[in-house]
Amino acid sequence: MAMRSVILGTGSALPKRRLDNAELAKTVDTSDQWIVERTGIHTRYIAGDGETTATLAADASRKALEHAGVDASDIDLIVLATATPDQTFPSSATRVQAMLGIPDCIAFDVHAVCTGFLYALSVADSMLKSGNGTKALVIGSETFSRILDWEDRATCVLFGDGAGALVLGTEDGTRGILATKLHADGRYNDMLFVDGGPSTTGTVGKLRMKGREVFRHAVINLADVLNEVLAEIGLTAADVDWIVPHQANARILDATARKLGVSSDKIVVTVDRHANTSAASVPLALDTAVRDGRIKRGDLIVLEAMGGGFTWGAAALRY
3 MAMRSVILGT
13 GSALPKRRLD
23 NAELAKTVDT
33 SDQWIVERTG
43 IHTRYIAGDG
53 ETTATLAADA
63 SRKALEHAGV
73 DASDIDLIVL
83 ATATPDQTFP
93 SSATRVQAML
103 GIPDCIAFDV
113 HAVCTGFLYA
123 LSVADSMLKS
133 GNGTKALVIG
143 SETFSRILDW
153 EDRATCVLFG
163 DGAGALVLGT
173 EDGTRGILAT
183 KLHADGRYND
193 MLFVDGGPST
203 TGTVGKLRMK
213 GREVFRHAVI
223 NLADVLNEVL
233 AEIGLTAADV
243 DWIVPHQANA
253 RILDATARKL
263 GVSSDKIVVT
273 VDRHANTSAA
283 SVPLALDTAV
293 RDGRIKRGDL
303 IVLEAMGGGF
313 TWGAAALRY
């Protein structure tokens with residue numbers, strides 16, 4: 003049998019502050035009804051003093067390590083997906099490494115915005131199967147609240163902060179990561195971007211989005227990449243037990259389910275509680291469904307996401 007990367011444990015972390023729509027409406031020209039009708043979001047979590055992308059990532063990693071029964075010293079590789087690093091450099095992955103007390107391992111960040119976790123998972127899978135270690139932490143962590151324009155009600159209501167992590171190991175057998183598919187098309191830069199950066203403005207910048215256009219591309223791309231990754235392993239959407247998508251917007255999730263012809267009951271939804279946490283949303287949702295007992299060993303799962311760039315991707319795995 004082929005050697006595969008398998009999920010040994012999952013973990014997630016959220017900031018202490020929970021911000022609901024009613025509280026947000028006190029400072030932004032919006033309402034709970036407006037937000038829920040357009041996005042399905044009721045609450046999100048906002049990082050406070052001392053809470054950063056790296057601290058949230060480290061908290062999620064500790065929980066994943068505990069769940070896996072793996073000691074931090076056994077980790078050979080850390081791949082952290084984020085668009086909101088603690089510093090321009092060094093990587094937030096190395097900060098997590100230090101927080102976990104790991105003196106030496108491979109550690110680096112991956113930047114593909116909301117698809118970042120899928121990119122990170124694919125990279126870690128390839129590295130483990132090529133012999134660059136036996137155990138890896140794959141993390142998605144974001145503090146998008148720090149790049150939002152809090153006067154733009156079309157975007158600031160959509161996002162939240164958080165982190166999710168997986169411990170990957172390797173084994174010969176039928177479970178594990180079966181296939182991944184990744185894409186990018188830089189022609190769509192101006193539909194979802196941050197208007198700053200070290201080599202352009204010298205500032206962090208703020209998030210800008212053309213929501214209607216992003217919605218249309220998201221539904222098409224997410225459905226297509228899910229079918230593509232399943233075709234790679236000779237299966238269809240009807241064979242899938244659970245779809246764990248990027249939690250961008252409840253309307254996108256519903257439209258994608260209709261396009262795929264699958265029941266909404268098969269889709270893990272956490273956007274109502276967490277909002278869009280970018281690269282953190284897929285591992286956050288996965289950990290939620292693992293810990294509440296929905297996802298069980300042996301289930302066929304598809305993870306999928308789309309983000310700025312545009313980037314999009316999917317992974318099929320046997321949990």
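For the sequence shown, this note's numbering begins at 3 and goes up steadily by one.
Glycine included, each C-beta is placed from N, C-alpha and C at the ideal position.
None of these values were measured; they are calculated from a predicted model.
Asked	Found
Within the same chain, show all residues whose beta-carbon is closer than 7 Å to that of residue 235, passing over the 5 residues directly before and after it, in chain order.	180, 181, 318
For residue 271, does the three-state DSSP call read helix, strand or coil?	coil
How far does the alpha helix (DSSP H) with residue 118 in it reach, from first residue to last?	118–131
Candidates 307, 95, 62: which alpha carbon is nearest residue 16's?	62
Runs of 3 residues minimum, wholly inside the segment 127–191: which ones carry the beta strand (DSSP E) assignment?	138–145, 163–174, 178–186
Identify which residue in 245, 310, 289 has its Cα closest to the Cα of residue 216.	310
Taking 6 Å as the limit between beta carbons, can you name the residues of its chain near residue 228, skipping five residues before and five after?	304, 306, 316
For residue 278, write down the residues that DSSP places opposite it in a beta bridge.	161
To the nearest angstrom, report how far apart residue 196 and residue 34 are at their CA atoms.	26 Å
Using the C-alpha atoms, what's the distance from residue 274 back to residue 41?	8 Å
For residue 246, which residues does DSSP report across the bridge?	305
Within the same chain, show all residues whose beta-carbon is closer than 7 Å to that of residue 76, passing over the 5 residues directly before and after it, in chain order.	137
Are residue 126 and residue 79 closer than 8 Å when you measure CB to CB?	yes
Between which two residues does the alpha helix (DSSP H) holding residue 13 run?	Counting along the chain, residue 13 falls outside any alpha helix (DSSP H), though it belongs to the beta strand (DSSP E) covering 5–15.
Are the CB atoms of residue 135 and residue 108 within a distance shorter than 8 Å?	yes
Leaving out five residues on either side along the sequence, give the residues of the same chain with a beta carbon under 7 Å from the beta carbon of residue 55.	84, 86, 87, 88, 94, 143, 144, 145
Taking 8 Å as the threshold (C-beta atoms), are residue 8 and residue 172 in contact?	yes
Near residue 299, what residues of its chain come up, given a Cβ to Cβ distance below 8 Å and the 5 sequence neighbours on each side ignored?	177, 321
Use the C-beta contact count for residue 5: other C-beta atoms within 10 angstroms, 16 or more gives buried, fewer gives exposed.	exposed
Expressed to the nearest angstrom, what Euclidean distance is found between the alpha-carbon atoms of residue 115 and residue 233?	25 Å
Identify every residue that forms a DSSP beta bridge with residue 47.	20
Quick one, are the C-beta atoms of residue 269 and residue 247 less than 8 Å apart?	yes
On the three-state DSSP scale, how would you describe residue 213?	helix
So, using beta-carbon positions, are residue 14 and residue 198 closer together than 8 Å?	no
So for residue 289, helix, strand or coil by DSSP?	helix
Classify residue 317 as helix, strand or coil using the three-state DSSP reduction.	strand
Report yes if the C-beta distance between residue 312 and residue 219 is below 8 Å; otherwise report no.	yes
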